[in-house]
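Peer 1: Just so you know, the sequence shown maps onto residues -27 to -1, 1 to 200 in mature numbering (1 follows the signal peptide of the UniProt record, and there is no 0).
Ideal Cβ placement from N, Cα and C applies to all residues, glycine included.
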Amino acid sequence: MPRVPRLAAIPLVVLASAALLVLSGCAATPAKPAPKPSATRTAAAPSPSAKPAGEVTVVIDADSVTVLDASGGTAASVPFTADAATASSRLGSALDETPVSATVTDDACYPMLDEQSFGGLHIYSSPDGLTRPLNAQFYVTADAAKTAGGVRIELPSGQAVGDAGDDVIEANLKAPRFESADGTEVHYDVASGSASGDPGTYYGALALISSGKLASIGSPVFYARDC
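In structure tokens form, the structure reads like this:
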């Protein structure tokens, strides 16, 4: 399934005294966290030690997908407002990889999705348009640590799928965290809103921790909605 789980949870700080909320349907209001997450953007600071010198990386945040070259410079930065064909072309050129195309017909939110995959990095778009924040023309997920060509796919703080969940949390201490039916959701780059506010204005990039490991990355997402 191409979708990253949405907020279906209660804050960690009140887990001992409240029942686990499981999201069903396409909209829900998350429980009020304590302390209240700030509406100010909470992006993690990059971790210089997480990236070996001379390594090309893909970084996913709330606004874009970026390929950093071996010197740390930007080889390509594609905003989610770009069309999917442009995104696939620019990322493919920067990665020196050719994506594998597929059509997804079993997604819970869209009758059909176009998928362009670079190994563990997946680009999704819909001919009928997306119900995603920022007027996004495509969204991305990562379900493996590297692209087909061996390029590491990271959070801004330096972690990739398969890395220890504790490392993700430690590197993103200011990010809102929630327990869900799928694991621990880390809202590592909140572009807008707060968990206690309007679900339609609370969105950004999400990291899912499951079984002690970073399991997937997705952006942009409405944290409190399935679709």
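1. Whole-angstrom Cβ separation of Val113 and Leu94, contact assumed at under 8 Å?
2. Could you pull the DSSP bridge partners for Val32 from this structure?
3. Residue range of the alpha helix (DSSP H) that Ala144 falls in?
4. Put Arg150 into one of helix, strand or coil per three-state DSSP.
5. In terms of alpha-carbon separation, which member of His160, Glu143, Ala57 and Ala168 lies closest to Asp101?
6. Where DSSP assigns a beta bridge to Asp162, which residues make up the other side?
7. Is the distance from the Cβ of Glu152 to the Cβ of Ala180 below 9 Å?
8. How should Val(-6) be labelled, buried or exposed, when 16 other C-beta atoms within 10 angstroms of its C-beta is the threshold for buried?
9. Out of Ala81, Asp69 and Met85, point me to the one whose CA is closest to Gly123's CA.
Peer 2: Once the coordinates are examined:
1. 7 Å
2. Thr39 and Glu127
3. Gly138 to Ala144
4. strand
5. Ala57
6. Ala178
7. no
8. Because the pLDDT at Val(-6) is just 33, under 50, the model does not fix this residue reliably, and the value given afterwards should be weighed accordingly. With fewer than 16 Cβ atoms within 10 Å of its Cβ, Val(-6) is classed as exposed.
9. Asp69
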